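**Q**
2 protein chains.
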Amino acid sequence: MPKSIYETIYKDLKQKIENDVFAYQELLPSENTLIQTYNCSRNTLRRAVSRLVTDGYVQTMQGKGVRNIYQPAAQTAFTIGEIESFRESAVRNGHQPHTKVLLFTEFAVNEKQAAYTGFPAGTDIYYIQRLHYLDHMPLILNHNYFLKEAVPGLTAEIAENSIYQYLENTLHMTIVNSKRIMTVEKMTQIDEKYLKLNAEDYNCMAVVSSHTYNSDGVMFEYTQSRHRPDYFRFYDNAVRRSL
Amino acid sequence: MPKSIYETIYKDLKQKIENDVFAYQELLPSENTLIQTYNCSRNTLRRAVSRLVTDGYVQTMQGKGVRNIYQPAAQTAFTIGEIESFRESAVRNGHQPHTKVLLFTEFAVNEKQAAYTGFPAGTDIYYIQRLHYLDHMPLILNHNYFLKEAVPGLTAEIAENSIYQYLENTLHMTIVNSKRIMTVEKMTQIDEKYLKLNAEDYNCMAVVSSHTYNSDGVMFEYTQSRHRPDYFRFYDNAVRRSL
DNA sequence: TTAGAAAACATGTTTAAACAAGTTGAACGT
DNA sequence: ACGTTCAACTTGTTTAAACATGTTTTCTAA
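Chains D and Y, in that order, give the protein sequences.
This note's numbering applies: residue 1 is where the first sequence begins, and numbers increase by one.
This note's numbering applies: residue 244 is where the second sequence begins, and numbers increase by one.
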C-alpha cells in the first residue's frame, strides 16, 4: 500500500520493466509523456525514475532519454541491496524458510565484544545464535546481538519465527538502515558442525557483518551472518558519480 | 571541481561529518539553518542531504531532525559502494598500486562465454588478464572483457596503467553504472600460482563479477575480479524502504 | 546536394510556495 | 500538580516555473 504518488509511479514503472512492457535497451517514454500518463508533476515523476536508476533498472541520458537496462538475474539468490529479513527474501524467491535457535542468552558486552559490535562495554544485550534453513538445507549461521533496552521482551520463540516481524509489528519499531561489511573468513568447527560442511571441500565462509539502526538513530543490532559459500550471492548496483 | 550547487553542499557536509564538526549521534543544523548557511533553496539542500542518507552518513527523522550516524571504518580497505578503479581506491587509501598484464588478446566470444559475459556470441572483445598489487603484494586477479567496438585502440601498455583513465580522458567515455555480483568460489591453480597463495590455507576466493555500462547505455565491460580472501572487504549501506 | 543554423525535444538544476505530518515545549485551565 | 491544547518547530510530499545543457530533426541558405 504505497502512500505517496512517486512511490506508486516507481512501483508501476518497475513492474512494467520487469514484465517486458519496455524492451531491454529501449527508451522509456519521455518525461512529458509519462507526466501525462500519471497525471503528476515533473518533479514527482523524476523522483520515481531516479529510484529506478539507483536500482540499476534504467539509465538516464541527457538529451536522449531513459534507457531500460534491466536484465533478470540468472538465479536471484536472496540478497539484494536492501534490508530484508531471511524470511522475507526466502518467500520472495519461492523457498521454504525455517529457523532453528541454537542459543538464546543475555549478558553485558565486554571490552572485546564492544570493539566489533559497536555497543559500549557494559551494555545489556541479547545474544542469539540461529541457524537458517532454506528448503531444509542449513545455509546461514547467524550471531545476533540485540540492544536489550531497544528490543524488550525478546524470547526464543520469537527468534524462531521472525524477529523483524516482532520489531515492526509488535514493538512498532522502524528499521531504517544497515551498514554492512562483507568479508571471507576461515570456516570454524562450529560452522562445520551446524552447516554440515566438510572443511576439506570449502574451508571458507562468506561473512556479512551489519550494524542496524532504527528510526530513533539508535544502533540496536549487530549481526554476523556466516553464509555457506556455495549458496552465497550478493547483488549491488554501483553508480559512478561525477568527479 | 563540483559543478552543481547541491554537489558542493554535499561534499562540504560530508567533509564536516568526517572531520567531527558534527559529533556522532548529534543532530545536524535544521534545514532552515543550513539553507541560510549555504544560501540555497530548500530543494537543493535536501538533495545534498539525501545523498548523505544513501551514503549511510546521516539519518533523517521526521519532526526531529537529521542525526549524524557516521563512524569511521576501522580499516577502510578498498571497495565502497561506488565505482572506483583499483588505482583510484589504492591512492585514496594511501597505498602503492601496481599492475601487471598477464595476458592481452582479442577474440570473438563463443556461446559459453556469452552466457556469463552478457555479450552476444560473436562479439569482438579484448580479453585481458591482470594482476593487481598493493604495496608489492598481489591481491587481485582480474579477467577483463572489453567490447572492442566501444573501446578502440586498447593496448597492453594502457592496461598496465589505468584503463579507466584511458576510457575517460582519452576516449571521453562516461562510465555510468555497474551491476555487481559477489560470490565465493574455489581457488584455482591459476589463482594459487599468481597470487602466491597456498590452497591448504585458504582454498577460496572472493569473486566480484560486474557488468558495466557507459553513458550510451551500452554494456562495454564484463569483469571478473578474484580477490585474495584475507584482504577482501566490501562496504554497503542498505536502506529499508517503506512497505 | 550539402553544411550549418534553427527549432523542437530530451534530461539536469534551481528556486519558490504550499500543504502534510511528526515532535517538542510553552501556555493554559482545571 | 497535572493533563490538554496549541504554537512553533522539525522533515516529507507535491506542484509550478524558469533556465541550463545536450541531442535530434528540420529547415534553410550557399
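Note that beta-carbon positions come from the ideal geometry of N, C-alpha and C, so glycine has one too.
Computed from a predicted model, the values in this text were never measured in an experiment.
Under 8 Å between C-beta atoms, does D/Ile175 make it to chain Y?
**A** True, the Cβ-Cβ gap to chain Y drops below 8 Å.
**Q** Beta-carbon separation of D/Arg130 and D/Val101 under 8 Å?
**A** Contact flag set, yes.
**Q** So, under 8 Å CB-CB, Y/Phe362 and Y/Leu390 are touching, yes? Tell me the CB distance rounded to an integer number of Å.
**A** Yes, they are in contact, since the Cβ atoms of Y/Phe362 and Y/Leu390 sit about 7 Å apart, within 8 Å.
**Q** Give the single residue among Y/Glu327, Y/Arg285, Y/Gln279 and Y/Thr426 whose Cα lies nearest to the Cα of D/Arg241.
**A** Minimum Cα distance to D/Arg241 is reached at Y/Glu327.
**Q** Take D/Pro229 and list the residues in its own chain whose beta-carbon comes closer than 7 Å to its own, dropping the five residues that flank it on each side.
**A** Tyr202, Cys204, Met205 and Ala206, listed in sequence order.
**Q** Please determine, among D/Glu168, D/Glu31, D/Ile128 and D/Met182, the residue with the shortest C-alpha to C-alpha distance to D/Glu157.
**A** For D/Glu157, the nearest C-alpha among the options comes from D/Ile128.
**Q** With DSSP run on the structure shown, which of helix, strand or coil describes Y/Asn496?
**A** Outside the displayed range of chain Y (244 to 486) lies residue 496 of chain Y, so it cannot be described from this structure.
**Q** Hey, D/Arg67 and D/Val58: beta-carbon distance below 8 Å or not?
**A** Taking 8 Å as the Cβ cut-off, D/Arg67 and D/Val58 qualify as a contacting pair.
**Q** For D/Met219, I'd like the list of residues in its chain whose CB is within less than 8 Å of its CB, leaving aside the five on either flank, ordered along the chain.
**A** Within the same chain, D/Met219 has close Cβ partners Gly118, Phe119, Leu147, His211, Thr212 and Tyr213.
**Q** Beta carbon of Y/Leu377, beta carbon of Y/His470: below 8 Å?
**A** No. Outside cutoff.
**Q** Quick one: what's got a C-beta closer than 7 Å to D/Met173's C-beta in the same chain, skipping five residues either side?
**A** So the list reads Leu167 and Asn214, once near-sequence residues are dropped.
**Q** Can you tell me whether DSSP reads Y/Asp298 as helix, strand or coil?
**A** Note: Y/Asp298 maps to coil in three-state DSSP.
**Q** Helix or strand or just coil, what does DSSP make of Y/Asn412?
**A** Reduced to three states, the DSSP call for Y/Asn412 is helix.
**Q** Could you tell me the alpha carbon to alpha carbon distance between D/Ile5 and D/Leu52, rounded to whole angstroms?
**A** If I take the Cα positions, the gap works out to 15 Å.
**Q** Leaving out five residues before and five after D/Glu159 in sequence, what residues of the same chain have Cβ atoms less than 7 Å from its Cβ?
**A** For the record, residue 159 of chain D in the displayed sequence is Ala; it is not Glu. Result list for D/Ala159: Val101, Phe104, Ile128 and Arg130, in chain order.
**Q** What are the start and end residues of each continuous beta strand (DSSP E) run of 3 or more residues lying completely inside the segment 388 to 454 of chain Y, in chain order?
**A** Counting whole runs of 3 or more residues, the segment 388 to 454 of chain Y contains the beta strand (DSSP E) stretches 418 to 429.
**Q** Quick one: is D/Asp55 near chain Y, going by C-beta distance under 8 Å?
**A** Not an interface residue.
**Q** Given Y/Pro315, which residues of its chain have a CB within under 7 Å of its CB, disregarding the five upstream and five downstream residues?
**A** None.
**Q** So, at 8 Å on beta carbons, what are the nonlocal neighbours of D/Ile181 in its own chain, with the 5 sequence-adjacent residues on each side left out?
**A** Within the same chain, D/Ile181 has close Cβ partners Val208, Ser209 and Ser210.
**Q** Between the Cα of Y/Val394 and those of Y/Gly337, Y/Glu349, Y/Thr303 and Y/Glu274, spot the shortest distance and give me the residue it belongs to.
**A** Comparing Cα positions, the closest option is Y/Glu349.
**Q** Going by DSSP in three states, D/Gln113 sits in which element: helix, strand or coil?
**A** Residue state, collapsed to three classes: helix.
**Q** From what residue to what residue does the beta strand (DSSP E) around Y/Lys468 run?
**A** Looking at the sequence shown, residue 468 of chain Y is not Lys but Ser. It spans Met462 to His470 - the beta strand (DSSP E) in which Y/Ser468 sits, taken as one unbroken run.
**Q** Between Y/Met304 and the rest of its own chain, which residues show a CB-CB distance below 7 Å, the 5 nearest in sequence each way excluded?
**A** So the qualifying residues of the chain are Arg310.
**Q** Taking the beta strand (DSSP E) that D/Lys100 belongs to, which residues open and close that run?
**A** Run containing D/Lys100: Pro97 to Ala108, per the beta strand (DSSP E) assignment.
**Q** Straight-line CA distance for D/Gln189 to D/Asn142?
**A** Their backbone Cα atoms lie some 15 Å apart in a straight line.
**Q** Specify, as a first and last residue, the run of the alpha helix (DSSP H) that D/Leu13 falls within.
**A** From DSSP, the alpha helix (DSSP H) with D/Leu13 extends over Ile5 to Glu18.
**Q** Using DSSP with H/G/I as helix, E/B as strand and the rest coil, what is Y/Asp459?
**A** It is coil, neither helix nor strand.
**Q** Mapping DSSP to helix, strand and coil, what is Y/Asn286?
**A** Reduced to three states, the DSSP call for Y/Asn286 is helix.
**Q** Are Y/His379 and Y/Phe329 close, meaning C-beta to C-beta below 8 Å?
**A** Their beta carbons are not under 8 Å apart, which means Y/His379 does not touch Y/Phe329 by this criterion.
**Q** Please report the distance separating the alpha-carbon of D/Val184 from that of Y/Thr466.
**A** The alpha-carbon atoms of D/Val184 and Y/Thr466 are separated by roughly 20 Å.
**Q** Could you have a look at Y/Val309 and say whether DSSP puts it in helix, strand or coil?
**A** Strand, per DSSP.
**Q** Would you report the Cα separation of Y/Thr319 and Y/Glu392, rounded to the nearest angstrom?
**A** With a pLDDT of only 48 at Y/Thr319, under the threshold of 50, the placement of this residue in the model should not be trusted, and no figure is reported.
**Q** Between the C-alpha atoms of D/Asn177 and D/Val239, what's the straight-line distance to the nearest angstrom?
**A** Each residue's alpha carbon lies about 19 Å from the other.
**Q** Rounded to whole angstroms, what is the Cα-Cα separation between Y/Ile368 and Y/Ile418?
**A** About 18 Å.
**Q** Once DSSP output is grouped into helix, strand and coil, what is the label at Y/Asp367?
**A** Correct three-state label for Y/Asp367: strand.
**Q** D/Asp135 bridges to which residues according to DSSP?
**A** Bridge partners of D/Asp135: none, in fact.
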